[in-house]
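Here the sequence shown is numbered in the numbering used here, starting from 53 and rising by one per residue.
Glycine residues also receive a C-beta, built at the ideal position from the N, C-alpha and C atoms.
Everything numeric in this text was worked out from a predicted model, so none of it was measured.
Below is one structure, written out as structure tokens; the observations come after it.
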Amino acid sequence: MTTKPLSDRVLDDPRIAALLLALASAGVLLSALFFQFVLNYQPCVLCIMQRWPYVAVMVLGLVTWLFRRWKGLGDALLVVSGLALLAGAGIAAYHVGVEQHWWAGTSSCGGSAPANSLEALRAQVLAAPVTRCDEVAWSLFGISMAGYNVVISLALAAYAFVAARIAYTRTPVSRTAL
């Protein structure tokens with residue numbers, strides 16, 4: 053019995069694809085946390101919102117891996133991961149528009165989550181630096197972090213959809229019964 057090399061299974065096997073998506077998402081999140089905690093670039097509200105789809109993809113990758121014996125589940129969760137990444141790309145594209153002053157940001161841009169009391173609000177205002185959504189904190193070759201996030205999210209979403217399609221068409225489960 054021969055097994056396929058990993059390079060062939062990257063698209064065929066939804067477990068491998070989900071694991072790669074989860075690892076890539078972890079890499080993006082670790083990069084964001086490095087910028088935040090090591091380089092001291094404080095994120096704005098839209099920056100934080102862009103992180104949640106990556107968290108979702110990591111959780112979906114873990115679920116796919118844990119329940120790998122359930123045929124068809126990996127295919128479906130790859131599609132959900134792709135949709136989450138498309139949502140992340142949309143948030144990032146919106147953020148790029150705010151940075152470029154193509155449109156206004158949300159009402160929470162420039163502030164943080166609401167406090168429960170007046171004392172908590174005062175402490176929050178005094179303690180936290182205000183990071184505006186319409187200011188580019190860092191860029192490389194004229195592209196902001198949000199701009200790179202659009203590209204990364206779209207590339208990972210495309211990979212998720214292609215892997216789901218290939219896995220769906222190659223899964224030996226009878227699809228006529230569905």
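Under DSSP, LEU192 forms a beta bridge with ILE195. When SER133, CYS161, MET101 and VAL203 are compared, the shortest CA-CA separation from LEU71 is found for SER133. When the Cα atoms are used, ALA145 and TRP122 turn out to be separated by approximately 35 Å.
DSSP, reduced to helix, strand and coil, places ASN201 within a helical segment of the structure shown.
Classified as exposed, ALA172 has fewer than 16 neighbouring CB atoms from the shown chains inside 10 Å of its CB. Under the three-state reduction of DSSP output, ALA78 falls in the helix class.
The residue from THR158, TRP190, ILE68 and SER191 with its alpha-carbon nearest to that of MET110 is ILE68. When the alpha-carbon of VAL188 is set against those of SER83, GLN102 and PRO95, the nearest one is in PRO95. Secondary structure note for TRP117: its alpha helix (DSSP H) is the uninterrupted segment 97-118. For GLU151, the enclosing alpha helix (DSSP H) covers residues 125-151. Here GLU187 carries a coil assignment [DSSP, helix/strand/coil]. If the five residues before and after PRO66 are omitted, its C-beta is found closer than 6 Å to the C-beta atoms of GLY126, ASP127, LEU130 and ALA219, all from its own chain and listed in chain order.
Per DSSP, reduced to three states, the secondary structure at THR158 is coil, with no helix or strand assignment.
Between VAL150 and SER196, the gap from beta carbon to beta carbon reaches 8 Å or more. Per the coordinates, the alpha-carbon of GLY124 lies some 42 Å from the alpha-carbon of TRP154. Under a 10 Å Cβ-count criterion, GLN102 is classified as buried, with 16 or more other Cβ atoms of the shown protein chains found around its own Cβ. Apart from the 5 residues on each side of it in sequence, ALA215 sits with its Cβ closer than 7 Å to the Cβ of LEU63, PRO66, ALA69 and LEU130 in its chain, given in chain order. Annotated as distal: ALA212 and LEU91, with beta-carbon spacing of 8 Å or more. Minimum Cα-Cα distance from TYR200 among the listed residues CYS99, TRP117 and PHE89 corresponds to CYS99.
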